[in-house]
Amino acid sequence: MTDTTDDIAEEISFQSFEDDCKLLGNLLNDVLQREVGGQFMDKLERNRLLAQSASNMRLSGIEDMAELLEKQLASEISKMTLEEALTLARAFSHYLNLMGIAETHHRVRKGRNVTHLSRSCDDIFNQLVQGGISPNDLYNTVCKQEVEIVLTAHPTQINRRTLQYKHIRIAHLLEYNDRPDLGHEDREMLIEDLMREITSIWQTDELRRHKPTPVDEARAGLNIVEQSLWKAIPHYLRRVSNALKKHTGKPLPLTCTPIKFGSWMGGDRDGNPNVTAKVTRDVSLLSRWMAIDLYIREVDSLRFELSMNQCNDRLSRLAHEILEKGVGCLAETSSEDLHESRNQSLSRSQFKLHGQQAPSLPTQLPARADLPACTDYNDGGSQYPKLEFPRTDYMPLSRQDGQGSSSSEISSKDSSENLRKLLANGSVSNSNGSQSAVTPRGSFSSGQLLAQRKLFAESQIGRSSFHKLLEPSSSLRPGIAPYRIVLGDVKEKLMKTRRRLELLLEDLPCEYDPWDYYETTDQLLEPLLLCYESLQSCGAGILADGRLADLIRRVVAFGMVLMKLDLRQESGRHAETLDAITRYLDMGTYSEWDEEKKLEFLTKELKGKRPLVPPTIEVAPDVKEVLDTFRVAAELGSDSLGAYVISMASNASDVLAVELLQKDARLAVSGELGRPCPGGTLRVVPLFETVKDLRGAGSVIRKLLSIDWYREHIIKNHNGHQEVMVGYSDSGKDAGRFTAAWELYKAQEDVVAACNEFGIKVTLFHGRGGSIGRGGGPTYLAIQSQPPGSVMGTLRSTEQGEMVQAKFGLPQTAIRQLEIYTTAVLLATLRPPQPPREQKWCNLMEEISKISCQNYRSTVYENPDFLAYFHEATPQAELGFLNIGSRPTRRKASTGIGHLRAIPWVFAWTQTRFVLPAWLGVGAGLKGVCEKGHTEDLKAMYKEWPFFQSTIDLIEMVLGKADFPIAKHYDEVLVSESRRELGAELRRELMMTEKYVLVVSGHEKLSENNRSLRRLIESRLPYLNPMNMLQVEVLRRLRCDDDNKQLRDALQITINGIAAGMRNTG
């Protein structure tokens, strides 16, 4: 959970928040008393009281006494044994995590208890109508809105997924604790449940012992969908629909969704050699498998609900056709689908029974089928969420003694379990214990296939006959409900679809009739919409608008893949690939050509109809991987994949190079298939990241759109829509936060103007990180401060790392975030933010930016001592031990700042509470302009220009989290004496930045306009400050004994704890 989510600015009930903190803290104390003993607890409490007293003294302005107490605390920590330090770090880390859970719960409570929620659909729709927007314009704008939230695998989620689950359970128990009807016995049971959860957390290893694979990261994203977004989407769309009906008289169309989801997990290969073409294919298929599995559960619940007989003629005809074909609900279940039977009330993690025949009509109520759809995300009671945990009780596919299984007769138990194993652990285990994601086709001979068919057929003899005795034929069943027949057919096709995906993931032969499974969203929607129309026409609209409408909305929002997967690769890798091709064809070296020659070559090849890459070409492994990726993209198509993002894009040729490689792969694949590739071509999206590339973004787009082939391609294949991505992280590391913000603003204006010149619509894709230093901040504030005209009903934005869990980890918070995205984009479209009032304001921004950038770069890139100071003063070098991401911390093997990724750069400074990347240079820029007599101009800009105001507010927010004494303590203990003056100079710069930010904002103290944030930060200090001092001590010892594994563990735990206290990582 994070301070940068939108609701943090709203007042929360601090009394109830403090009550929850006290409850959880006391329970943790009880656990620790039992686990570590009273003597250590006395020491822990003494440290906490010293930190609390020092913090109180500082807040009261008694600096000398505060410094004395802090020195005493540091002295006591330095005398601790390694075991004591480790235990103290764990204890304070868990305190901070529990406080975070309490904070999130109270934001949820606030939203639930207020009668008029600001920034909700109801609130903003009312404002717009009252402000003169016609109901018809409002309705059309909402229905046409296209927002896509893209979840990424950026390595900033510090907590293990196991602990995230336990934290969710505690959040559910706190919610249960709010119930006014709890009796004394219920309350005691609740306390016992909380005690069990906290004990479990304490006894769980909080450290990841292995780096996650890209499949692990993708699995985490899919789990967010399953545990939260799946439940949140129908509720969010109901809120939109109800608000629209209230203010325009018309509800949201059933097949309309203003928000969809995308993913980079398993597709982002920029600087990550672990993301291969095969990983992308597997992750895409896994996402489809998960979608189908979720739909099966929903359809099963619907079959119980829709038990009525009355229907319209179309549905009646369809039901009779299904019965006549013998494949409907009442038909005999085919032998190959016998394995699909399972009790739907069991979660997949409890799945044990296989090989049993599925009843064709419902015989047992599935989980929560008796509850209305609106209660799905909140069971009430002390029930924990039904979550899938890693499994070990699976049966691997047999490959011993030449035994194999065929495509349609292979034991479904084995295949299904291997799929669940892949979802749980990211790999499939062979019988010899080795890890393999797929099984080669070559394992099976035709003789073995025949033998397996015979064995499988014999194993089913008697089962279906016995089932016939239990279930009479359809002719003996009068008055069968037509909805159940149709939905039974839907379920059967879904089960075959799931089975087909299992075979594809196992890389086994798959021979299914296309009529037997679902390939597209429209195929699945057709029977569901028919059921909906039938219910409406028969006067059962109240039923149609319940669980069935929710399912239809899920299908529209999630499609057949849950989240379309973007691919991302660096532009240089495409140039290397074209180098290999042009050299092989004796055309020279592509990368040595000038831009005009490249464009001429690329355009000529794109207009041609023959493939460019010879099938016999032999290339280096890196080049082959790029070609394999384009081949997988051609095989999957735009039905499964979203955009192809080119990082470090700087020229028009970077885009055309990808278009050519994509075209070539599609020609090759369609030739092999003997039919067109599935779906359409992928959108090719240039990502402008550095300040230099941002400044040239508009020119690149103009050059692209001036090329006839490209412009016609955009109009024909992408509905006249150009997507452009702007990167916040690398621009911030390149030039500092203020300059990056201004260059991003100007680049967006230029890109929009370029597209308008050619009559092309534009969607801006914002690559925002979680922290302020990487473009993070409240969603609402960020969207409302974009340049006018840059958000015209469309927006894409990344949500990264810990922010994914913070914003979307619970259904209630997810619903709120989705509403905020919708209303912010709506306001930016219908009531665009004010542009700068006069050109002078832009000139002042240029001057501030210039001074700020010079100050930032002179420190970070030009000061010869800075790199060594950075390594000494922060735990940057030790962050690699964390195992929080699958990709390396550097793009290339270099020790400089330039090739260091933005995440560890920001992460390291956040740990020391100096948060330098978010403010360095800002103070110098503001001071330079104020000293020239423009203070009043800056104050006016702050009041009237949303972009400038949000920039200053975000810097003020991060300054409120910076801590001068703690940063000084790192320097005094860890930094060489010769470099301490650099640290002192930077701290003086911090104080100057604070001074001038307050001058511009007109506030007397930091976070004056966000008192709840200030109070929340202050409440963490008694646990956060000792964690920092402990980290300093552990770093001091570790740098003298760098092979000590216990010290490494202690350091990692302090990193976890500080991240929990700061509510940010990188």
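Sequential numbering from 1 applies to the sequence shown in full-length UniProt numbering.
Ideal Cβ positions, reconstructed from N, Cα and C, are used throughout, including at glycine.
If you're wondering where the values come from, they're calculated on a predicted model, not measured in any experiment.
What separation, rounded to the nearest whole angstrom, lies between the Cα atoms of residue i and residue j?
i	j	result
C256	Y532	15 Å
I485	P214	41 Å
A218	A620	28 Å
F558	V299	15 Å
Q203	E185	27 Å
L795	E148	6 Å
residue 1085	H718	What is shown of the chain runs 1 to 1066, which leaves residue 1085 out entirely.
S670	P676	5 Å
C535	L302	It should be noted that the sequence gives Leu, not Cys, for residue 535. Each residue's alpha carbon lies about 13 Å from the other.
Y295	V929	59 Å
P234	L548	11 Å
L562	G933	55 Å
K1045	L879	14 Å
I857	A902	A small correction: the amino acid at residue 857 is Arg; Ile does not occupy that position in the sequence shown. Spanning the two alpha carbons is a distance of roughly 15 Å.
S653	V752	20 Å
R107	F17	10 Å
W909	V915	5 Å
D282	L504	9 Å
L705	S950	33 Å
K692	M803	28 Å
P251	N126	15 Å
A277	L602	24 Å
Under a three-way DSSP split, which group does residue i fall into?
i	result
G925	helix
A549	helix
I170	helix
G793	coil
G801	coil
D579	helix
Y644	strand
F765	strand
I233	helix
L151	strand
G100	helix
L687	strand
E985	helix
E1008	coil
Give every residue of the same chain whose Cβ lies closer than 6 Å to the Cβ of residue i, excluding the five residues on either side of it in the sequence, and list them in chain order.
i	result
N855	G921, A924
Q33	M41
W841	M941
V973	V1032, R1036
Starting from residue i, trace the alpha helix (DSSP H) both ways and give me its first and last residue.
i	result
M1027	1011-1038
S301	277-305
I485	482-505
W919	916-919
G671	652-673
For residue i, which residues of its own chain have a beta-carbon under 8 Å away from its beta-carbon, when the five flanking residues on both sides are left out?
i	result
I552	L254, T255, L525, L528, L529, Y532
K496	D337, Y512, D516, Y517
Q834	P788, E944, W945, P946
V556	L254, T255, C256, T257, T521, L525
Q350	Reliability fails at Q350, whose pLDDT of 34 lies under 50, so the model's placement of it is uncertain and no value is given.
Could you pull out every residue in the same chain whose Cβ sits closer than 7 Å to the Cβ of residue i, ignoring the five residues on either side in sequence?
i	result
G983	Y869, A873, D971, V975
S1001	Y942, I952, E956
residue 1070	Residue 1070 lies beyond the range of the chain shown here (1 to 1066); nothing can be said about it.
L96	R1020, Y1023, L1024, G1057, A1060, G1061
D270	R568, Q569, E570, S647
C538	Q310, C311, N312
D293	R498
Can you name the start and end residues of the beta strand (DSSP E) that residue i belongs to?
i	result
G727	721-727
K564	564-570
Problem set entry | Every unbroken alpha helix (DSSP H) within the region 806-856, with a cutoff of 4 residues, ordered by chain | 811-830
Exercise. Which residue spans inside the region 193-278 form an unbroken alpha helix (DSSP H) run of at least 4?
Worked result: 214-224, 230-248
For this session: Starting from the N-terminal side, write out each stretch of the alpha helix (DSSP H) that is 4 residues or longer and does not extend beyond the region 933-981.
Result: 935-944, 946-961, 964-974
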